[in-house]
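Asks: The following block contains the structure, expressed as structure tokens.
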Amino acid sequence: MALVPLKRRRRVARSPPAEPPGPGRFPSVVLCLVERRMGASRRAFLTQLARAKGFRVDVAYSAAVTHVVSEQNSGAEVAQWLAQQRGACGAGGDPALLDIGWFTESMRAGRPVEIEPRHRLRVTVPAAPHGGLMASYACQRRTPLLHSNQALTEALEILAEEARFSGSEGRSLAFTRAASVLKALPGPLGTLGELGPLPGIGEHSRRVIQDVLEDGVSAEVERVKLSERYQTMKLFTRIFGVGVKTASRWYQEGLRTLADLQVQSTRLTRQQQAGLRHYEDLSVPVGRGEAEAVSRAVQAALQRVLPGASVTLAGGFRRGKQHGHDVDLLLTHPEAGREAGLLSQAMSWLESQGLILYQHSQESSFVLCEGPGAPGARDCMDRFERCFSILRLEAQRGQRGPGAARGWKAVRVDLVVAPISQFPFALLGWTGSQHFERELRRFARHERKMVLNSHALYDTQQDLSLPAASEEEIFQHLGLEYVPPLERNA
Ligand code: CTP
Ligand code: MN
Ligand code: MN
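The sequence shown begins at 4 in our numbering and counts up by one.
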């Protein structure tokens, strides 16, 4: 029997003809066929069939894909496939996960048929990126910015915030954890039963999830949103320089509005006064374009005071967010020691240009936490030279909001300086999300007996600090799969 040599057969059947994806006859439908179990040649055949009927079929997954079709795969398997594709292309997307039945019916009809429940694959056990059940630490999961359970996570996060406002950190963390797990699900949760063995979703969270799944809203969440206390706490804690404790005290004193605070402005710190003065501007989210403009302005200042110094956009923008509450910038210089004093010089220059509306600097207070008798690495969190500021940003093209007419806008900017040897730790620490960071540190402590902070990774068993030249190396030291910034939106 003349078998086609395996190698050649592979090459022939490997991938369907890669035609440039056009809009096709049905612009709102972009198919992607899963090769697993379907086989390469059948996939190629089905691809051609669909294209001949005017469907757009993409060979590679991207966020544009609306319909993922597979044959003889379980929902969990396709969900896992999807998580891998999202990881590989760095894109989100929220395609329907469909069985081949939908495809054949559509081909017969010559148009995409309505998706019915029977077409959908059931996602029962959510997959971790590399098989198995969902990992229990958020730093072991990939969490894209866009996910499929927005209504659920918003509800849970309101309760998390409410708990934080009440000083119940533990309860707040429980809701945050539950939301974070849902963010990592590869598809929309259909029923509570599908949650099965998911880690870290407690009774209360389950109740909320059930309510939202069944009624579209949770009565408890709606009640919280409308409560005077929640609304006032939200208003007050949005002020730069106002934390939960202060806001809570003001609420108890009967203060309710910004006007109430203005009357008492002598009681406010300088930072809070600045926050109140620029409240309107600061409550409009900073856009990515604006963040980049701020970054360029700071880079220009660095060029003046210390050529060779660099600025890196961290925080939510590095995780792919298009908007944020502030701009987080990390400064360093490739030669160790040259970064000393950099920030105050850069701020002075910006000041001389009239770009600083408020600044509050902290000197570096980092002490190496190594060896026996050291103060303990736990104590040296965030001791970089840093500056919390409000910058004046000239109006960007297309800018809307209160600053547009005036020609400039106040923007919150956090600046941090890290010596080059600590830069990867600082970058990892300042990229977030906050929950991802918390989970990284918890993982390091409980699973590896290591202490991680924005300066260093310390192995308590070997009693030494583990150096790293990149974020990847830090993940390696921790024995964790590397999670790129775009997937740290836990
Ligand atoms: N961070 C920190 N120490 C602080 C403040 C923030 O280490 N005193 C870290 C946080 O852990 C987070 C990152 O800096 O990882 C960014 O914080 P923040 O700006 O508050 O959050 P973002 O994720 O950037 O959210 P947003 O887009 O709303 O600014
Ligand atoms: Mn930020
Ligand atoms: Mn910040």
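The beta carbon of each residue, even a glycine, is placed where N, CA and C say it ideally should be. From a predicted model like this one, the values you see are computed outputs, not experimental measurements.
1. What is the residue span of the alpha helix (DSSP H) that Lys-186 lies within?
2. DSSP three-state label for Phe-106, please.
3. With respect to the beta strand (DSSP E) encompassing Lys-412, which residues constitute its N-terminal and C-terminal limits?
4. How far does the alpha helix (DSSP H) with His-480 in it reach, from first residue to last?
5. Give the DSSP bridge partners of Phe-29, in chain order.
6. Beta-carbon separation of Tyr-233 and Glu-283 under 7 Å?
7. Using only the heavy atoms of ligand 1, determine whether one of them is closer than 6 Å to the beta carbon of Ser-298.
8. Since I believe Val-37 is in contact with Ser-65 (beta carbons under 8 Å), could you give me their beta-carbon distance rounded to a whole number of angstroms?
9. Within 10 Å of its beta-carbon, does Glu-490 have 16 or more other beta-carbons around it, so buried, or fewer, so exposed?
10. Threshold first: 4 residues or longer. Then list the alpha helix (DSSP H) segments lying entirely within the region 422-486, N to C.
11. Tell me the rounded alpha-carbon separation between Phe-439 and Arg-386.
12. Just to check, is the beta-carbon of Trp-105 closer than 6 Å to a non-hydrogen atom of ligand 1?
13. Taking 6 Å as the cut-off, is the C-beta of Asp-214 nearer than that to any heavy atom in ligand 2?
14. Does the Cβ of Leu-565 have 16 or more other Cβ atoms within 10 Å, making it buried, or fewer, making it exposed?
15. Whole angstroms are fine: how far does the CA of Ser-151 sit from the CA of Arg-125?
16. Does the contact criterion of 3 or more C-beta pairs under 8 Å hold for the region 459-474 versus the region 424-441?
17. Whole-angstrom Cβ separation of Leu-85 and Val-71, contact assumed at under 8 Å?
18. Are the beta-carbon atoms belonging to Val-297 and Val-416 less than 7 Å from one another?
19. According to the Cβ coordinates, are Arg-395 and Leu-360 closer than 7 Å?
20. Skipping 5 residues on each side, what residues in its chain have a beta carbon closer than 6 Å to that of Gln-479?
21. Do we get a CB-CB distance below 7 Å when we pair Arg-144 with the residues of chain D?
22. Give me, in chain order, the residues of the same chain whose beta-carbon lies closer than 6 Å to that of Arg-144; leave out the 5 immediate sequence neighbours on both sides.
23. Does the Cβ-Cβ distance between Gly-57 and Arg-39 come in under 7 Å?
24. Is it buried or exposed, Ser-230, if we count other Cβ atoms within 10 angstroms and call 16 or more buried?
25. Please state whether DSSP places Ile-393 in a helix, a strand or coil.
26. Can you tell me whether His-281 is buried or exposed? The criterion is at least 16 other CB atoms within 10 Å of its CB, across all chains shown.
27. Could you check if Arg-321 is buried or exposed, using at least 16 other CB atoms within 10 Å of its CB as the buried criterion?
28. Return the chain-ordered ranges of every alpha helix (DSSP H) run that is complete within the region 30-109 and spans a minimum of 4 residues.
29. In whole angstroms, what is the alpha-carbon distance linking Ala-82 and Leu-100?
30. Please report the Cβ distance between Ile-423 and Thr-335, rounded to the nearest whole angstrom; I am assuming they are in contact, meaning their Cβ atoms lie under 8 Å.
31. For Ala-408, count neighbouring Cβ atoms within 10 angstroms of its own Cβ and tell me buried if that reaches 16, exposed if not.
32. Closer than 5 Å is what we want: which residues have a beta carbon that near any heavy atom of ligand 3? List them in chain order.
33. Take Leu-332 as the anchor and find which of Ala-63, Val-33 and Val-301 has the nearest alpha-carbon.
34. By the 10 Å Cβ neighbour count, where 16 or more other Cβ atoms means buried, how is Asp-214 classified, buried or exposed?
35. What does the alpha-carbon distance come out to for the pair Pro-191 and Pro-98?
36. Give me the DSSP bridge partner(s) of Gln-362.
Replies: Per the coordinate set shown:
1. 172-186
2. helix
3. 411-420
4. 474-481
5. Beta-bridge pairing links Phe-29 to no other residue.
6. no
7. no
8. Actually they do not touch by this definition, with Cβ atoms about 14 Å apart.
9. buried
10. 426-434, 437-451 and 474-481
11. 20 Å
12. no
13. no
14. No answer is possible for residue 565: it lies beyond the span of the chain, which begins at 4 and ends at 493.
15. 14 Å
16. yes
17. 6 Å
18. yes
19. yes
20. none
21. In the structure shown, chain D cannot be found, because there is only a single protein chain.
22. Ala-138 and Ala-187
23. no
24. exposed
25. strand
26. buried
27. buried
28. 43-55 and 78-92
29. 8 Å
30. 5 Å
31. exposed
32. Asp-329, Asp-331 and Asp-417
33. Val-301
34. buried
35. 10 Å
36. Ser-392
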